[in-house]
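Asker: The sequence shown begins at 125 in the working numbering and counts up one residue at a time.
After the structure tokens below, expect a handful of questions from me.
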Amino acid sequence: MLLPSSLPRYPRLTWLAPFTLLAGCTGVPEGTQPVTDFRIDHYLGQWYEIARLDHGFESGLECVTANYSLRDDGDIRVINRGYDPKERRWESAEGRASFAGEPDVGHLKVSFFGPFYAGYSVLALDPDYQHALVAGPDRDYLWILSRQPTMPSATYSAYLDRAQALDFPVDELISVEQDPAHCPPQPDDTASAS
Numbered sequence: 125m126l127l128p129s130s131l132p133r134y135p136r137l138t139w140l141a142p143f144t145l146l147a148g149c150t151g152v153p154e155g156t157q158p159v160t161d162f163r164i165d166h167y168l169g170q171w172y173e174i175a176r177l178d179h180g181f182e183s184g185l186e187c188v189t190a191n192y193s194l195r196d197d198g199d200i201r202v203i204n205r206g207y208d209p210k211e212r213r214w215e216s217a218e219g220r221a222s223f224a225g226e227p228d229v230g231h232l233k234v235s236f237f238g239p240f241y242a243g244y245s246v247l248a249l250d251p252d253y254q255h256a257l258v259a260g261p262d263r264d265y266l267w268i269l270s271r272q273p274t275m276p277s278a279t280y281s282a283y284l285d286r287a288q289a290l291d292f293p294v295d296e297l298i299s300v301e302q303d304p305a306h307c308p309p310q311p312d313d314t315a316s317a318s
């Protein structure tokens, strides 16, 4: 799941506007429930974005990944990366996440700038933590994630059906390019693990 990339180009600064409006919106979409019996230690690591509802902060990005790791202070470090094929370069953002409530519920709040947080709800997750359906604070934000760059079609269909049953606009989902032949190697992670 990629929340706004920290983008050095001025045109991409427009990503700030929608998330400023979402500041403080850490709830779950009405009528949905985050998964329970959630284990953050199983969720940590790299996830590939298979499909998403597109937004300006991700528009045009391919090969998108999210990497989650524990910080020294107990929060979760979030590193989002996406490749911009027009600019032929990687974009990245570092943020932090923490549980919005109980640590065994897949409902977190994520911030990529200062005190502004947005909701992050894991709405579906397989028992082996290989595939996930993730929403933002409302039905305008949805991601289908996988531990691998591809997802079996039957699994994808099941997650799509789940999202549709929850009234997400699945017809607006876009597939994210993840073909290893198309995605250049990601840069080394040189950011500190605060």
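Glycine residues also receive a C-beta, built at the ideal position from the N, C-alpha and C atoms.
Computed from a predicted structure; not experimentally measured.
Answer with buried or exposed for Gln302, where buried requires no fewer than 16 other C-beta atoms within 10 angstroms of its C-beta.
Answerer: Label assigned to Gln302: buried.
Asker: Which residues mark the beginning and the end of the beta strand (DSSP E) in which Thr160 is found?
Answerer: Counting along the chain, Thr160 falls outside any beta strand (DSSP E), and DSSP gives it neither H nor E.
Asker: Compute the Euclidean distance between the alpha carbons of Asp178 and Pro276, then round it to the nearest angstrom.
Answerer: Each residue's Cα considered, the two are about 22 Å apart.
Asker: On the three-pair Cβ rule with 8 Å, is the segment 201 to 208 touching the segment 216 to 223?
Answerer: Short answer: they touch.
Asker: Decide yes or no for the touch test of the segment 166 to 177 against the segment 291 to 300: beta carbon pairs closer than 8 Å, at least 3 of them.
Answerer: Result yes; three or more Cβ-Cβ pairs closer than 8 Å.
Asker: With a floor of 3 residues, list each beta strand (DSSP E) that falls wholly inside the segment 252 to 316, ordered by position along the chain.
Answerer: Within the segment 252 to 316, the complete beta strand (DSSP E) runs of at least 3 residues are 255 to 259, 266 to 270 and 297 to 299.
Asker: On the CB-based measure, 16 or more other CB atoms within 10 Å of its CB, does Ala305 come out buried or exposed?
Answerer: It is exposed - the Cβ of Ala305 has fewer than 16 other Cβ atoms within 10 Å.
Asker: With a threshold of 8 Å between beta carbons, is Tyr192 in contact with chain B?
Answerer: Here there is only one protein chain, and chain B is not present.
Asker: Can the beta-carbon of Ser245 be found less than 8 Å from the beta-carbon of Ala259?
Answerer: Yes, they are a contact pair.
Asker: Assuming Val229 and Ala221 form a contact by the criterion Cβ under 8 Å, report the distance between their Cβ atoms to the nearest whole angstrom.
Answerer: Not really, about 13 Å apart at Cβ, beyond 8 Å.
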